[in-house]
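Engineer:
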Amino acid sequence: MISSIGGRGDGVGTADGQTVYVPGTVPGDRALIRIEGRRADGLVGSVIELSDPGPARCPPACPHFGVCGGCSLQHLEDGAYADWKSGQLVTAFRRAGFAPDLVAPMVRVAPGSRRRASFAFLRRRNGVLFGFNARASHHLVDIDVCPLLAPPLLTLAAPIRELLAATVEEGIAGDVLVTLTDNGLDILVEAEARLDLFDRERLAAFAGVHDLARLSWRRPGGRMSGGGMSGGGSSGGAMIEPLAHRRPAVVRFADIPVEPPPGAFLQPSPEGEQALVSLVTGAVGAGDGLVADLFAGCGSFSFPLARLSAVHAVEGDAAALAALKAASDRAGARVSAECRDLGHRPLLGPELKKYRAVVFDPPRAGAAPQAEQLAGAGPQRVVAVSCNPATLARDARILAGGGYRLLRATPVDQFPWSAHLEAVAVFER
Ligand SMILES: C[S@@+](CC[C@H](N)C(=O)[O-])C[C@H]1O[C@@H](n2cnc3c(N)ncnc32)[C@H](O)[C@@H]1O
Numbered sequence: 204m205i206s207s208i209g210g211r212g213d214g215v216g217t218a219d220g221q222t223v224y225v226p227g228t229v230p231g232d233r234a235l236i237r238i239e240g241r242r243a244d245g246l247v248g249s250v251i252e253l254s255d256p257g258p259a260r261c262p263p264a265c266p267h268f269g270v271c272g273g274c275s276l277q278h279l280e281d282g283a284y285a286d287w288k289s290g291q292l293v294t295a296f297r298r299a300g301f302a303p304d305l306v307a308p309m310v311r312v313a314p315g316s317r318r319r320a321s322f323a324f325l326r327r328r329n330g331v332l333f334g335f336n337a338r339a340s341h342h343l344v345d346i347d348v349c350p351l352l353a354p355p356l357l358t359l360a361a362p363i364r365e366l367l368a369a370t371v372e373e374g375i376a377g378d379v380l381v382t383l384t385d386n387g388l389d390i391l392v393e394a395e396a397r398l399d400l401f402d403r404e405r406l407a408a409f410a411g412v413h414d415l416a417r418l419s420w421r422r423p424g425g426r427m428s429g430g431g432m433s434g435g436g437s438s439g440g441a442m443i444e445p446l447a448h449r450r451p452a453v454v455r456f457a458d459i460p461v462e463p464p465p466g467a468f469l470q471p472s473p474e475g476e477q478a479l480v481s482l483v484t485g486a487v488g489a490g491d492g493l494v495a496d497l498f499a500g501c502g503s504f505s506f507p508l509a510r511l512s513a514v515h516a517v518e519g520d521a522a523a524l525a526a527l528k529a530a531s532d533r534a535g536a537r538v539s540a541e542c543r544d545l546g547h548r549p550l551l552g553p554e555l556k557k558y559r560a561v562v563f564d565p566p567r568a569g570a571a572p573q574a575e576q577l578a579g580a581g582p583q584r585v586v587a588v589s590c591n592p593a594t595l596a597r598d599a600r601i602l603a604g605g606g607y608r609l610l611r612a613t614p615v616d617q618f619p620w621s622a623h624l625e626a627v628a629v630f631e632r
């Protein structure tokens, strides 16, 4: 029998004294299982026959659920799902030595609001597969519906298949990053293809017919465009070729228009971003003195924070930072900008003394080097934003070692039905 849900969203049971992870099951399920392999701390099984469904089972919202790898928990009743999801943060913080009651109720973001999606594609002999990877596999699930996405993201699925069929050779695989901006769709195709003049004309015509804001192409093997860095960001070390730029692909942070470079990081939905912004600005509060926004991206937090205080934004991706700086200069916002690799060159003690508060929002690996510097010489208030409860809890431990007290950690479910969880943690000393 399945007794719980594990960290990756799989049902967990035991067989012959060993832990078995079974994707697609829920607590209370009784099922005949085939053992498929090993995972670090147990076995992985698949369901041969579900003999007795558990009480928390419910019908999934999407016809692709179970095959598509995008979601792992649509078959779990909503209350049980929410308990499991917020429990991920409670567990991570408890393991790091923090009291579970410091975790606030989870803020939820409704499905159907995602403004960006990275679709995978494969050019086959007789057409193009376009969708998401299947569960734990590189096979592609061809999709036309996804209840997680804002509807405009999928309206062009059929024409994109036709475009790619006409443009790339059989056997080529790639990605199509589609972002819904305030001025329409911004599309970045990432694939190894040598575009000739006819291809470029076809791509530009596609942008016109479908009224895209912008269409760009990145060849992963192409040369570096300069200034990019690994660990997230827009250039990814490869050259981005603009094919059509019909209008600025603009998003607004605190009403300030910013034009992110193709492929730059954005929070996945405006609703999720707003929830994070409220938690961050609420924790920092208004006041004299400078606030540091580290891993600032294109300024999702910098511009709302600039309504409260002057802000210094630090980011490693040169193109994202250039977009932030250009927006700040145009709007006369009180945001200064610095391009810096915070993994290798975190803000050090003497620099940290300039700030009344520090916000940091690193990629999944977290920000241990920066947390160590903050532990030594950080300001009274520190706010950590993270999409990985395990590294957030580790960084929180580092801060606690330097005398910071965790005031609260708020889970924000901006990746519904998946095992991913965002959170904002507030520290003081
Ligand atoms: C989770 S995103 C957050 C961005 C921004 N705070 C937002 O909410 O839109 C993490 C950001 O860290 C940047 N980044 C990744 N590694 C970095 C590093 N070593 N130094 C500085 N910035 C880095 C990425 O380019 C990305 O913009």
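The numbers in the sequence shown follow the numbering used here, run straight up by one, and end at 632. Cβ atoms here follow ideal geometry from the backbone N, Cα and C, with glycine treated the same way. Nothing here was measured: the structure is a model prediction, and the numbers come from that model.
1. Does ligand 1 have a heavy atom nearer than 7 angstroms to the CB of C274?
2. With DSSP as the reference, label R260 as helix, strand or coil.
3. With a threshold of 7 angstroms, establish whether the CB of L624 neighbours any heavy atom of ligand 1.
4. How far does the beta strand (DSSP E) with V250 in it reach, from first residue to last?
5. Looking only at its own chain, which residues have a Cβ that is under 7 angstroms from the Cβ of D244, when we skip the five neighbours before and after it?
6. DSSP on F324, reduced to helix/strand/coil?
7. Kindly identify the DSSP beta-bridge partner or partners of W420.
8. Relative to the C-alpha of S505, which candidate in L555, K288 and F563 has its C-alpha closest?
9. Can you determine whether any heavy atom of ligand 1 sits closer than 7 angstroms to the C-beta of G519, and answer yes or no?
10. Between which two residues does the alpha helix (DSSP H) carrying I601 extend?
11. Tell me the DSSP bridge mates of S207?
12. Hey, V687 and A626 are a contact pair by Cβ (cut 8 angstroms); roughly how many whole angstroms apart?
13. Do you know how far the Cα of L388 is from the Cα of P354?
14. Tell me which same chain residues have a C-beta within less than 7 angstroms of the C-beta of T594, skipping the five on either side of it?
15. Grab the span of the beta strand (DSSP E) containing T151 for me, first residue to last.
16. Suppose you measure from the CA of G290 to the CA of C274; what does that come to, to the nearest Å?
17. Our contact map puts R559 next to L493 with C-beta atoms below 8 angstroms; I'd like the distance itself, whole angstroms only.
18. Taking DSSP as the reference, what is the three-state secondary structure of A489?
Structural biologist: Straight from the coordinates:
1. Numbered from 1 along the sequence shown, position 71 holds the residue referred to as residue 274. Not under cutoff, so the answer is no.
2. Walking along the sequence shown from the start, residue 260 turns up at place 57. Strand, per DSSP.
3. If you number the sequence shown from 1, residue 624 lands on position 421. Checking the Cβ of L624 against ligand 1 gives no.
4. To locate residue 250, count along the sequence shown from 1; it is residue 47. Where V250 is concerned, the enclosing beta strand (DSSP E) stretches over G245 to D255.
5. For the purposes of this step, residue 244 is identified with residue 41 of the sequence shown, where counting begins at 1. Cβ within range, chain order: T222.
6. Along the sequence shown, one-based indexing puts residue 324 at 121. Here F324 sits in strand by DSSP.
7. Sequence index remark: in the sequence shown, residue 420 carries index 217 (1-based). DSSP lists V392 and E444 as partners of W420.
8. Counted from its first residue, the sequence shown places residue 505 at position 302. Of the listed residues, the one whose Cα sits closest to S505 is F563.
9. Along the sequence shown, read from residue 1 onward, the residue named residue 519 stands at position 316. G519: yes, Cβ under 7 angstroms from ligand 1.
10. Reading the sequence shown from its first residue, position 398 is the one you call residue 601. P592 to G604 is the span of the alpha helix (DSSP H), which, as asked, contains I601.
11. Residue 207 sits at position 4 when you count from the first residue of the sequence shown. V215.
12. The question about residue 687 has no answer here: the residues shown for the chain are numbered 204 through 632.
13. Sequence index remark: in the sequence shown, residue 354 carries index 151 (1-based). Sequence index remark: in the sequence shown, residue 388 carries index 185 (1-based). So the alpha carbons of these two residues sit roughly 12 angstroms apart.
14. For the purposes of this step, residue 594 is identified with residue 391 of the sequence shown, where counting begins at 1. These residues qualify, in order along the chain: R567, A568 and G569.
15. No statement about residue 151 is possible, as the shown extent of the chain runs from 204 to 632 and does not include it.
16. Position 87 of the sequence shown, counted from the start, is the residue given in the question as residue 290. Position 71 of the sequence shown, counted from the start, is the residue given in the question as residue 274. Those two C-alpha atoms are separated by around 18 angstroms.
17. Within the sequence shown, the letter at position 356 stands for residue 559. Within the sequence shown, the letter at position 290 stands for residue 493. Right, the Cβ-Cβ distance comes to about 7 angstroms (below 8 angstroms), so this counts as a contact.
18. Your numbering for residue 489 matches position 286 in the sequence shown. DSSP places A489 in coil when its eight states are reduced to three.
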